[in-house]
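If you read the sequence shown in full-length UniProt numbering, its first letter stands for residue 1, the second for the next number, and so on.
Report on the following structure.
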Amino acid sequence: MTDSPKPVTLITGATGGIGAALARELAGTHDLILQGRDRARLSALCAEVGGMPLPLDLTRPDTFEAALSGLGRVTNVVQNAGVADLGAVADQPPEVWTHTLAVNVVAPAALTRLLLPRVRAEQGTVVFVNSGAGLRANPGWASYAASKFALRALADALREEEAPHGVRVTSVYPGRTATPMQAKVRAQEGGAYDPEVYVSPETVAATVRFVLEAPRDATLPDVSVRSGPRQEAEHGKL
1 MTDSPKPVTL
11 ITGATGGIGA
21 ALARELAGTH
31 DLILQGRDRA
41 RLSALCAEVG
51 GMPLPLDLTR
61 PDTFEAALSG
71 LGRVTNVVQN
81 AGVADLGAVA
91 DQPPEVWTHT
101 LAVNVVAPAA
111 LTRLLLPRVR
121 AEQGTVVFVN
131 SGAGLRANPG
141 WASYAASKFA
151 LRALADALRE
161 EEAPHGVRVT
171 SVYPGRTATP
181 MQAKVRAQEG
191 GAYDPEVYVS
201 PETVAATVRF
211 VLEAPRDATL
221 PDVSVRSGPR
231 QEAEHGKL
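If you want it as structure tokens, here you go:
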């Protein structure tokens with residue numbers, strides 16, 4: 001990848017719905033480094049899109065530096081991985097909060113810090129895939145929303161810090177998206193999962209690609225991706 005003229009884009013959570021869609025969207029025009037925990041699924045996706053696998057447990061930031069040491073160029077970083085466990089504040093134990101914050105906030109911060117020298121050298125872009133929950137916290141969503149509010153703060157601070165280095169930073173806020181994670185969320189909410197009423201992961205992926213490939217004289221600090229009025233009426237704007 002070091003000698004390729006293509007941008008090199010690292011995607012976390014690459015085997016999830018949005019991550020896999022983004023890998024397919026960028027295949028051929030970007031060289032890809034794909035992070036995931038499930039080695040079998042990660043290997044299959046890398047074989048499909050021609051990416052480099054980066055097996056990494058995001059709950060273990062102490063392992064990040066060694067895992068990244070063999071990488072060459074990195075132009076863009078898409079912090080897409082995330083977890084969501086719903087529950088009222090009165091019901092969720094500290095372990096849920098700790099795990100959610102570790103994956104959704106601490107891991108992106110730690111990975112970004114280690115990758116910044118490479119991204120600065122390329123004057124690339126860091127994209128944080130956030131959520132509507134990063135803009136509004138609804139009942140039952142406290143731990144997840146808290147992590148996404150924190151992720152927004154990370155992105156906002158990083159944007160100002162890295163502007164002198166020519167690094168662009170964008171937060172993308174998808175509405176409910178038709179992914180396995182959304183199916184799990186609907187089960188936790190006790191509702192049916194109908195992918196037809198959600199925005200597709202391919203739409204979110206196309207939006208992220210637009211952010212990555214926007215002309216250099218443009219900065220897109222915050223981009224929201226919403227589905228249709230039926231979904232928002234039935235399930236809210238998270």
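Yeah, the Cβ is synthetic: ideal placement off N, Cα and C, and Gly gets one too.
These numbers were taken from a predicted model, which means no experiment stands behind them.
Beta bridge pairing from DSSP links Q123 with no other residue.
The DSSP-derived three-state label of P174 is strand. For the pair A88 and A110, the Cα-to-Cα distance works out to about 28 Å.
Within the same chain, Cβ atoms closer than 8 Å to the Cβ of T59 are found at H99, A102, V103 and A107, the five residues on either side in sequence being excluded. Sequence-distant Cβ neighbours of T207 in its own chain, meaning closer than 7 Å and more than five residues away, are V172, V223 and V225.
Secondary structure note for G36: its beta strand (DSSP E) is the uninterrupted segment D31 to G36.
DSSP, reduced to helix, strand and coil, places Q188 within a helical segment of the structure shown. In chain order, V49 and G50 place their CB closer than 7 Å to the CB of A27, counting only its own chain and leaving out the 5 sequence neighbours on each side. For T9, DSSP records a beta bridge to L32 and N76.
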